[in-house]
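Those letters in the sequence shown? Residues 297 to 569, per our numbering, in order.
Cβ coordinates follow ideal geometry from the N, Cα and C atoms, glycine included.
Please read all numbers here as calculations on a predicted model, not as lab measurements.
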Amino acid sequence: MSFLKSVLLAFSMFSTVPVPRIEWNQKNMRYMMCAFPLVGLLTALLCAVWFLFGIQLLYIWKKPLPLPFFALIFTLIPILVSGGIHLDGFMDTCDAMASHASQEKKLEILKDSHSGAFAVLGCVLYILSFYVLSFCLYFRFYGENPYPGFPNLFARFYNSLPVLCIFFLSRLLSAFAVATFPIAKNSGLVHTFASASARRFTAIWTYVWFFLISAALIYFFRLTGVALVASSLSVFCFYYITAVKNFGGITGDTAGWFVQICELVGLAVFVAI
């Protein structure tokens, strides 16, 4: 029951999914970060449904969905599911890092409710990049010489599955970071979550699931799986170095920054492979 309440709290905090109201206390938040990756799993499932919808139309109409329309919806799904909470952290972190100020000043910028020029610029470039990569993704699998035979379409969908794992892997690593990385402030969301959660259990839980998902990706998809896992771990290492250097540790905003960067890099690597 405690884990279920943590799941509901995770969805109420990190998604727009309507869930029953749960009291915010240390007991109910104990496994909240363990449940956080489930939001990524929901995002992956919705993206898979969108892929399957495109397959169904291709099978019926004998032609693919308009590529810009597919890319637009694929870009919007992660933002709509999360409510933009990670994108908000990404924008704040872009502002702080672009200031080239001291750690103390950067932490103050993170707390500022106003959006600076670099936050807006970072958001525009991010969404534009994700949109273009989504366009290339759909074109590669469904828009280039589409053949409406069902086995062929199923094979295309199967080969596109690894890219959906980026939403799950990014949140697994983010939760692992909350349980293991130094925290920049003695206040804020990350400090609250880390203090209330079972940090050792969260670290083990997320590590095991990351290992299992990574092993499955590598086993079934070979080079593509290796590239996605390697890119996720590379961004994770970059996240640690960047957070410690610029802020003295992680915050809720840097956690959102990491999730967005990890997903964007994963999508870029998949399209390139």
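Exposed or buried, what is residue 319 when buried is set at 16 or more other beta-carbons lying within 10 Å of its beta-carbon?
Around the C-beta of residue 319, fewer than 16 other C-beta atoms lie within 10 Å, and the residue is accordingly described as exposed.
Check whether residue 310 and residue 381 have beta carbons under 8 Å apart:
Cβ atoms of residue 310 and residue 381: closer than 8 Å.
Do residue 463 and residue 340 have their beta-carbon atoms positioned less than 8 Å apart in this structure?
Yes, Cβ-Cβ distance for residue 340 and residue 463 is below 8 Å.
Could you work out which residue in 507, 332, 458 is closest to residue 564 when comparing CA atoms only?
The shortest Cα separation from residue 564 among 507, 332, 458 belongs to 458.
DSSP beta-bridge partners of residue 292
Since the first residue of the chain shown is 297 and the last is 569, residue 292 is not available in this structure.
Is the beta carbon of residue 466 closer than 8 Å to that of residue 559?
A contact, by the Cβ cut-off of 8 Å.
Going by the CB atoms, is the gap between residue 378 and residue 313 shorter than 8 Å?
Going by C-beta atoms, residue 313 is not nearer than 8 Å to residue 378.
Could you have a look at residue 554 and say whether DSSP puts it in helix, strand or coil?
Note: residue 554 maps to helix in three-state DSSP.
Secondary structure of residue 523, DSSP reduced to three states
The answer is helix: DSSP assigns residue 523 an H, G or I state.
Going by DSSP, what residue range makes up the alpha helix (DSSP H) through residue 303?
That run of the alpha helix (DSSP H) goes 298 to 310.
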